[in-house]
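Note sheet for the following structure.
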Amino acid sequence: MRKLSRLRRRKITAPALLLLALVIVGNAYAFIGATVTTPGATASNARSTMVTEGREIFLRGCSSCHGLNAEGGGVAPSLVGVGAASVDFQVGTGRMPMADMSVQAIRKPSRYTAAETAALAEYVASLAPGPAIPGAAQLTFERDGNTAEGGELFRTNCAMCHNAAGQGGALTQGKQAPSLMGVEPRHIYEAMITGPQSMPVFGDKAITPQEKLSIIKWIKSVENEKGLGGASLGKVGPVTEGLMGWVGGIGLLIAISVWLATKSR
Amino acid sequence: MKPARERVAGSVANFVDERVGAAKFLKKNLNKVFPDHWSFMLGEIALYSFIILLLSGTFLTFWFVPSQEELIYNGSYVPLKGIQMSAAYASTLDISFDIRGGMLMRQVHHWAALLFLAAMVAHLMRVFFTGAFRKPRELNWILGVGLLTLGIVEGFLGYSLPDDLLSGTGIRIAEAILQAIPVVGTYAAFFAFGGAFPGLVFIPRIYTVHVLLIPGIILGLITVHLMLVWYQKHTQYPGPGRTEKNVVGYPLMPVYMAKAGGFFFIVFGVTAFLGAVASINPIWVFGPYTPTQISAGSQPDWYMGWLDGLVRMSPPLESYIFNHTISWNILIPGLIVPGIMFTGMALWPFIEAWATGDKREHNLLDRPRNAPTRTAVGVMSLTFTVVALINGGNDIIATHFSFTINQIMWATRISIFVLPPLSYVITKRICLALQRADRDLVLHGRETGRLVMLPHGEFVEIHEELSPEEAWTRTSHEQLAPIPAAGIDANGVRANGVLKDRIRARISKGILQEQIAKPTAKEKLELGDGHH
Ligand code: HEM
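Here the protein sequences line up with chains Y and P, keeping their order. Each residue of the first sequence is one higher than the one before, starting from 1 at the first, in the working numbering. Each residue of the second sequence is one higher than the one before, starting from 1001 at the first, in the working numbering.
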């Protein structure tokens, strides 16, 4: 028993530690890289290993579209200056690598581990400065967010695409603003600072970091809201309600009428 | 000698009766007979859901505050705490979260509204497809169209009252439609909103209209509607023993009344169940109305959805005449098309009587297959409305069935012109096929699937004769001949209005010529018994 658990621990510890180190270092670098420009010697070393690693992964999985030096190609944009946040969002939500060249890269299970994603982000960030990945210290929405304020900001800035309840909506030309239910707080934050595809960028002047936390808190409160007033019917409004009224309401009553009329004969 | 109490009661009754003649009236009317068929209960569903609307609506008026004055919300729904909103929206939140039974009542009221409208539409379809609107019931049909129109307006005003983001968007569209009326539009909108949109008076105004004016008119119209049904007696489906002159069914007292009472509770039960388990119009999700905000996937209730769908599919068309912009893209789908549809619907009994030349009274209903043109026109109109309704939900369909909005819009733009005529033709063919099937059934009986080998080795299937009742139901309808065109009279003088007559003869030919002749007794005799 003990042996087994020790073995398991040993099997897992090495990659886990590596992963942890990578994430911490990656975040630290991104944080420092975006603010101060003189990283210490050790950080610099770790950074360069990650960049090399990231570059390798990039060459294998991304360069066919984005070019050998991420300079962009005929099919995909240049990634120079998009920042670590953009890569973390695109790869972390499974959008990249793009599966098919449809109108929009869709969300799917991520193909890369957290460590590989961090390395990729590191590599792209090394090309030119850009928005950094928000660290745990930044994502204190539970403490610093205000749900009601977040809802107000969301209705003003996001509801026209994502629907007032964050359930997603259709845009023109077959594009969609996806439902925001179940999206990780970090990815919500990154979406706002990088503006994927048809979504605009919401810089810190338009929506302050604190307000961003409020928005995240509101989205999470909608997500966790228990069906007030009964089954929610998908929270998409009158379409499902009308369907229900005809099928579960009138349809049921007609069925009862038919039954009553046959009964009475 | 009767006990004193009874004697007093008797003399009071007598006193009243001698003055108002109630006994004779009641005796005559309680003996009225109502026929029984499930489709005759659709009107009742509408009636009962209206009663439920009145009851639940009265409850809501105790707490709803019809005011657009702004305040800071401080109720128990945390995600909106501290937000500025109108008193109307705040009070609706209070009804939902802070008043006992309020959420249930709100949901019952809204579900009952959907049922009311759906029941009216279903009832209308039954009346239309069976020809119940024919003389002498044209007036009641027109009342019905009026009720449906009022019901739609009432529903729209109702869901506009809470002043949430969704309904505010709807009012904005209504304002645009109002403004699109040439010349007077801008003034009409200015008048309705007491100034610029959204203003402060609109909610209080529509509140009065929603809780007092329209329900009052609907109640009055329903009363007249039911009195007419009473007075003209109910129609009945054709069948043995049923003629244009009699009514076969149950006496009003006690059988019909007892059944109707029971049915009320069934309708009430279904509505209450929906209100208890299924959320409807969750205004807290949409947030308070602010003109600068809008939500993706905004839809009206279904009975307005087809209008919204028409507006959404119309291409941007505007012209500029005499300093006035005419927005055809709103005017045509928002006012002209529904105007034509509702006017045509109201006038249909007269159009049909004119076209077929049938001006007689009818108390026997048509089986829809025996009036193929009418049935086809009905299905065509329904198809049109449903296509429009689908486009009304285009964004929801797009996100949930992975189409693009543009695909759905173009599909419905084309379908709205192609599918109605197509459904007309198909329906007519189906009706004629059913007529033919009826004819075969009457002439040759029902196939039994039993094979018999004749002595010389031939196999024949045994056909079972229809019962006389079944045969009667399939053959009792009359088949009118097309009206001949009145042309030149015996003296060679052209009659007045020849063109009109000719048009009518054409139309009547279109309606009446294509019928499968029903079997005559002679044909039946010639065929002999059972097999062929
Ligand atoms: C406020 C909504 C309405 C209520 C409460 C209502 C109620 C009723 C009831 C209880 C009946 C008798 C039973 C039946 O045939 O179902 C009836 C008959 C009738 N209704 Fe309505 N109805 C409403 C709306 C309409 C509409 C929208 C139309 C058509 C445009 C309509 C046209 C008629 C006609 C022509 C009859 C006589 C039918 C016959 O005797 O066979 N009604 N209504």
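Backbone N, C-alpha and C define an ideal beta-carbon position, used for all residues, glycine too. Source: prediction; values computed, not measured.
Assign Q173 of chain Y to one of three DSSP states: helix, strand, or coil. What you label residue 173 of chain Y is simply residue 173 of the first sequence in a count that begins at 1. Looking at Q173 of chain Y - three-state DSSP - the assignment turns out to be helix.
Between which residues of its own chain and H1109 of chain P is the CB-CB distance below 7 Å, once the five residues before and five after are set aside? On the second sequence, position 109 is the one that residue 1109 of chain P refers to. Within the same chain, H1109 of chain P has close Cβ partners L1053, S1056, G1057 and L1060.
Identify the contact partners of H1037 of chain P in chain Y, using a Cβ-Cβ distance below 7 Å as the criterion. The residue given as residue 1037 of chain P occupies position 37 in the second sequence. Per Cβ cutoff of 7 Å: A261.
Taking 8 Å as the threshold (beta carbon to beta carbon), is I193 of chain Y in contact with chain P? Position 193 of the first sequence, counting from 1, holds the residue named residue 193 of chain Y. So no, I193 of chain Y is outside the interface.
Taking V1270 of chain P as the reference, which of P:G1146, P:I1045, P:W1472 and P:R1106 has the closest Cα? For the purposes of this step, residue 1270 of chain P is identified with residue 270 of the second sequence, where counting begins at 1. It is P:I1045.
Quick check on the burial criterion: 16 or more other C-beta atoms within 10 angstroms. Buried or exposed for G1510 of chain P? On the second sequence, residue 1510 of chain P is found 510 positions in, with the first residue counted as 1. Classification of G1510 of chain P: exposed, given that the 10 Å Cβ count is below 16.
Using a Cβ-Cβ cut-off of 7 Å (strictly less than) and excluding sequence neighbours within five positions of A76 of chain Y, which residues of its own chain qualify? As a working note, residue 76 of chain Y is residue 76 in the first sequence. Once the five neighbours on either side are set aside, the close Cβ partners of A76 of chain Y are C65 and H66.
Identify the continuous alpha helix (DSSP H) that holds G266 of chain Y and give its terminal residues. The requested residue 266 of chain Y does not occur in the structure, where chain Y is confined to residues 1 to 265.
Flag Q176 of chain Y as yes if its beta-carbon sits less than 8 Å from any beta-carbon of chain P, otherwise no. Working through the first sequence from its first residue, we reach residue 176 of chain Y at position 176. Interface flag for Q176 of chain Y against chain P is set, since a Cβ pair is found closer than 8 Å.
Terminal residues of the alpha helix (DSSP H) in which H1463 of chain P lies: Residue 1463 of chain P sits at position 463 when you count from the first residue of the second sequence. Premise fails: H1463 of chain P lies in the beta strand (DSSP E), F1459 to E1464, not in any alpha helix (DSSP H).
Tell whether a beta-carbon distance below 8 Å holds between Q1084 of chain P and G237 of chain Y. Taking the first residue of the second sequence as position 1, residue 1084 of chain P is located at position 84. Taking the first residue of the first sequence as position 1, residue 237 of chain Y is located at position 237. Cβ atoms of Q1084 of chain P and G237 of chain Y: not closer than 8 Å.
Quick check on the DSSP output: the beta strand (DSSP E) that includes R1450 of chain P runs from which residue to which? As a first step, residue 1450 of chain P is located in the second sequence; it is residue number 450 there, counting from the start. Per DSSP, R1450 of chain P belongs to the beta strand (DSSP E) from R1446 to M1453.
Let me know the secondary structure DSSP gives L139 of chain Y once reduced to three states. Reading the first sequence from its first residue, position 139 is the one you call residue 139 of chain Y. Coil, per DSSP.
Which chain P residues are close to M160 of chain Y, counting only those with a beta carbon under 8 Å from its beta carbon? Numbered from 1 along the first sequence, position 160 holds the residue referred to as residue 160 of chain Y. Neighbours of M160 of chain Y on chain P, chain order: Q1293, I1294, S1295 and A1296.
Test item: CB-CB of L1307 of chain P and P1338 of chain P under 8 Å: Looking up residue 1307 of chain P in the second sequence gives position 307. Looking up residue 1338 of chain P in the second sequence gives position 338. Cβ atoms of L1307 of chain P and P1338 of chain P: closer than 8 Å.
Does R1005 of chain P come within less than 8 Å of chain Y when only Cβ atoms are used? Along the second sequence, read from residue 1 onward, the residue named residue 1005 of chain P stands at position 5. Chain Y, which has no Cβ nearer than 8 Å to the Cβ of R1005 of chain P, makes this no.
Round the Cβ separation of V1153 of chain P and I1214 of chain P to the nearest angstrom and send it over; I've been treating them as touching at under 8 Å. Taking the second sequence and counting its residues from 1, one reaches residue 1153 of chain P at position 153. Taking the second sequence and counting its residues from 1, one reaches residue 1214 of chain P at position 214. Confirmed, about 7 Å.
Less than 7 Å between C-beta atoms, sequence neighbours within five positions excluded: which residues of the same chain meet that for T1534 of chain P? Because chain P here runs from 1001 to 1532, residue 1534 of chain P falls outside it and cannot be looked at.
M1257 of chain P by DSSP, collapsed to three states: which one? As a working mapping, residue 1257 of chain P is identified with position 257 in the second sequence. M1257 of chain P falls in the helix class under three-state DSSP.
If we ignore side chains and look at the alpha-carbon of each, how far apart do V1012 of chain P and R1019 of chain P end up? Residue numbering aside, residue 1012 of chain P sits at position 12 when the second sequence is read from its first letter. Residue numbering aside, residue 1019 of chain P sits at position 19 when the second sequence is read from its first letter. Approximately 11 Å, taken between the alpha carbons.
Under the three-state DSSP convention, the category D1164 of chain P falls into: On the second sequence, residue 1164 of chain P is found 164 positions in, with the first residue counted as 1. Strand, per DSSP.
Rounded C-beta distance between P131 of chain Y and G83 of chain Y? I'm assuming under 8 Å. As a working note, residue 131 of chain Y is residue 131 in the first sequence. As a working note, residue 83 of chain Y is residue 83 in the first sequence. Right, their Cβ atoms sit about 4 Å apart.
Under 8 Å between C-beta atoms of A1113 of chain P and G1155 of chain P: Stepping through the second sequence from its first residue, residue 1113 of chain P is reached at position 113. Stepping through the second sequence from its first residue, residue 1155 of chain P is reached at position 155. For A1113 of chain P and G1155 of chain P, yes; Cβs fall inside 8 Å.
Three-state secondary structure (DSSP) of H1123 of chain P: The sequence position of residue 1123 of chain P within the second sequence is 123, counting from 1. It is helical.
Give the straight-line distance between the Cα atoms of S126 of chain Y and R1413 of chain P, rounded to the nearest whole angstrom. To locate residue 126 of chain Y, count along the first sequence from 1; it is residue 126. To locate residue 1413 of chain P, count along the second sequence from 1; it is residue 413. Roughly 51 Å separates the two Cα atoms.
Run down chain Y in chain order and give the residues with a C-beta less than 7 Å from the C-beta of M1041 of chain P. Sequence index remark: in the second sequence, residue 1041 of chain P carries index 41 (1-based). Ordered by position in chain Y, the residues that pass the 7 Å Cβ test against M1041 of chain P are S257.
Kindly say whether F31 of chain Y, judged by its beta-carbon, lies nearer than 8 Å to any beta-carbon of chain P. Position 31 of the first sequence, counted from the first residue, corresponds to residue 31 of chain Y. Residue confidence for F31 of chain Y is low, a pLDDT of 48 falling below 50, so the modelled location carries little weight and cannot support an answer.
Report all residues from its chain with a CB closer than 8 Å to the CB of E142 of chain Y; omit the five preceding and five following residues, and keep chain order. The residue you call residue 142 of chain Y lines up with position 142 of the first sequence. These residues qualify, in order along the chain: K217.
Run down chain Y in chain order and give the residues with a C-beta less than 8 Å from the C-beta of F1191 of chain P. Indexing the second sequence from 1 puts residue 1191 of chain P at position 191. Correct list: empty, because the minimum Cβ distance to chain Y is about 28 Å.
Burial state of S1076 of chain P (16 or more Cβ within 10 Å): Numbered from 1 along the second sequence, position 76 holds the residue referred to as residue 1076 of chain P. Exposed.
List the endpoints of the continuous alpha helix (DSSP H) containing Q90 of chain Y. To locate residue 90 of chain Y, count along the first sequence from 1; it is residue 90. Its alpha helix (DSSP H) spans residues G83 to G92.
Measure the C-alpha to C-alpha separation of A1180 of chain P and A1189 of chain P and round it to an integer number of angstroms. Translated into positions along the second sequence, residue 1180 of chain P becomes position 180. Translated into positions along the second sequence, residue 1189 of chain P becomes position 189. The straight-line gap from Cα to Cα measures roughly 9 Å.
So with Cβ pairs under 8 Å, would you call D1163 of chain P a contact of chain Y? Mapped onto the second sequence, residue 1163 of chain P falls at position 163. Cβ-Cβ to chain Y under 8 Å: no for D1163 of chain P.
Tell me, to the nearest whole angstrom, how far the beta carbon of K1135 of chain P is from that of R1360 of chain P; I am working on the premise that it is less than 8 Å. Locating residue 1135 of chain P in the second sequence gives position 135, where the first residue counts as 1. Locating residue 1360 of chain P in the second sequence gives position 360, where the first residue counts as 1. Confirmed, Cβ separation roughly 7 Å.
Chain-ordered neighbours of P1316 of chain P on chain Y, where CB pairs are closer than 8 Å: As a first step, residue 1316 of chain P must be located in the second sequence, where it is residue number 316. Correct list: empty, because the minimum Cβ distance to chain Y is about 14 Å.
Of the residues P:D1163, P:H1463, P:V1442 and P:M1409, which one's Cα is nearest the Cα of V1452 of chain P? Within the second sequence, numbered from 1, the residue matching residue 1452 of chain P stands at position 452. Checked all of P:D1163, P:H1463, P:V1442 and P:M1409; the closest Cα to V1452 of chain P is P:H1463.
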